[in-house]
DNA sequence: ATCAAAATACTACTTACGGGTGATATACGA
DNA sequence: TCGTATATCACCCGTAAGTAGTATTTTGAT
């Protein structure tokens, strides 16, 4: 059998922490290497432990698990962080994900679900509850209605795409066998349709800022 | 017992289609209401069927399932679209999600996994394989660690951000009360640190680019 | 067959951008 | 205190980019 999956728990509620410890300890392939009740006490040990998986409570007294995430990633880049929470708060989910958590479970989950989440996250997956998964996926959709972009012809889209790669007019011309003047003409038309005056502005119309604002 | 989940299948491969039909038919709570081998034949029936769940092949002869997605959502807004594919192609996954698919499975999945995915998507979840889930989640964390960006000073970041807005050197200079020459100097240093030769290349280093391909 | 849209290409002009080189002042840490 | 990092500004130069006007050919739809 291969090496056990090392697990650390950071959870202030004694009862829940005990519950989690018990679950982890009961599994043959999991090894509990530490349990902490605060981010502060966990932080000093983390660099020595380098756990495979960390069960991290989002809302902790003192510094929250949410705040700690980016630092935790630095202290132990190889660890996967599985956030635990009682809430199903959309804002918090995205906060966690953008800060580097790769899984998200609710504390009320069954022991079976929790252990499978630990195995899943360690195996390269991203365990989430059904509703959370849907929210995450939902964030991707509805990125359309760009309207202006629809008015571009196939050729114009192609050229815009090449502009996005950072190619110069000359390089674009060579790539698709056009004269530089023709490229220039197409770009002029693109700018008119998108109502912009520069490459960067045009490119920004391609990008739903949604993802970059967080 | 509550109403059955109505399922439609769009898949050109006879064998796979038959396999899927068999799986759906074998379940008490699922009801197969149609199987099609092309988007075209499916499209005309969709408005009358209004299936709860559609198993949609991504790559189909003629019009692809990927292309069809936005229209399908219009024809039947209440349906959930579960994409089926042989590939695990990252580009395609994000394209599907952007276009409104809410689940993504590989055809080689076990019958149990397929039926649970159907139930999951109908119950409001977003079934995905472990690796796909990780990719989706990774998209949020801006899995960058691009280290290069970390080497920029506060001033350089500020200017890079303004470059991103599409401002010209002159406009940047006016905005933060510098001479154009100073702006130019900062930008030159940014380019050196990021190892690029143009604004667009620099900006592309800021972006997880996965989302914005055509 | 005809008209419109799209793709191609040119001339000419102005401004923006990027590279090279050098300089000064300030702040911070070894 | 000395050096390094940062921030500021300047001049020169050549190319890239954007604007304007025009024109030919190809393609698609009516």
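Residue numbers (the numbering used here), protein chains in the order written: chain A, 1 to 214; chain B, 1001 to 1214. Cβ atoms here follow ideal geometry from the backbone N, Cα and C, with glycine treated the same way. Predicted model, so just to flag it, every value in this text is computed and none were measured.
- C-alpha of residue 82(A) to C-alpha of residue 104(A): approximately 6 Å in a straight line.
- In this structure residue 1033(B) does not touch residue 1010(B) by the C-beta definition: roughly 12 Å separates them, more than the 8 Å allowed.
- Taken atom to atom, the span from the alpha-carbon of residue 31(A) to that of residue 1206(B) is near 39 Å.
- Residues of the same chain with a CB within less than 6 Å of the CB of residue 1047(B), apart from the 5 flanking positions on each side, are 1075 in chain order.
- By DSSP's assignment, residue 83(A) forms a beta bridge with 56(A), 104(A).
- For residue 120(A), the nearest beta carbon of chain B is closer than 8 Å to its own beta carbon.
- At a cut-off of 8 Å, the C-beta of residue 1184(B) has no neighbouring C-beta in chain A.
- The alpha-carbon of residue 16(A) is positioned some 21 Å away from that of residue 28(A).
- Remark: C-beta atoms of residue 1162(B) and residue 1199(B) do not approach each other more closely than 8 Å.
- Between residue 1085(B) and residue 1106(B), the beta carbon gap of about 6 Å places them in contact (Cβ cut-off 8 Å).
- Separation of residue 1100(B) and residue 1183(B) (C-alpha to C-alpha, rounded to the nearest whole angstrom) is 42 Å.
- Residue 1102(B) is a Cβ neighbour of residue 134(A), given a cutoff of 8 Å.
- Close to chain A, meaning a Cβ-Cβ distance shorter than 7 Å, are the following residues of the segment 1130–1141 of chain B: 1130, 1131, 1133, 1134, 1136, 1137, 1140, 1141.
- The beta-carbon distance between residue 98(A) and residue 151(A), rounded to whole angstroms, is 33 Å. This is too long to meet the 8 Å contact definition.
- Annotated as proximal: residue 1012(B) and residue 1038(B), with beta-carbon spacing under 8 Å.
- Residue 1094(B) belongs to the set of residues whose beta carbon lies under 8 Å from a beta carbon in chain A.
- At a cut-off of 8 Å, the C-beta of residue 1098(B) has a neighbouring C-beta in chain A.
- The DSSP-derived three-state label of residue 77(A) is coil.
- In this structure, residue 136(A) places its C-beta atom within 8 Å of the C-beta atom of residue 1136(B).
- Of the residues 1049(B), 1080(B), 1189(B), 1111(B), the one whose Cα lies closest to the Cα of residue 1023(B) is 1111(B).
- Between residue 124(A) and chain B, the shortest Cβ-Cβ separation is below 8 Å.
- When Cβ-Cβ separations below 8 Å define contact, residue 199(A) makes contact with chain B.
- Fully enclosed alpha helix (DSSP H) runs of no fewer than 4 residues occupy 39–49 of the segment 29–54 of chain A, in order along the chain.
- Residue 19(A) and residue 195(A) have their alpha carbons spaced roughly 59 Å apart.
- Under the DSSP assignment, residue 1017(B) falls in the alpha helix (DSSP H) whose first and last residues are 1014–1025.
- Annotated as distal: residue 79(A) and residue 55(A), with beta-carbon spacing of 8 Å or more.
- Partner residues in the beta bridge of residue 8(A), as assigned by DSSP, are 34(A), 54(A).
- Around residue 1113(B), the same chain offers 1105 as residues with beta carbons nearer than 8 Å, after the five sequence neighbours per side are excluded.
- Contact of residue 1189(B) with chain A by beta-carbon distance below 7 Å is absent, the smallest such distance being about 19 Å.
- Closest in C-alpha terms to residue 1139(B), from the list 168(A), 96(A), 26(A), 197(A), comes 96(A).
- Annotation for residue 21(A): 9, 32, 35 place their beta carbon closer than 8 Å to its own, counting only its chain and skipping 5 residues before and after.
- Listed by position along chain B, the residues whose Cβ is nearer than 7 Å to that of residue 102(A) are 1134, 1137.
- Distance check between residue 59(A) and each of 26(A), 93(A), 45(A) places 93(A) closest, using alpha-carbon atoms only.
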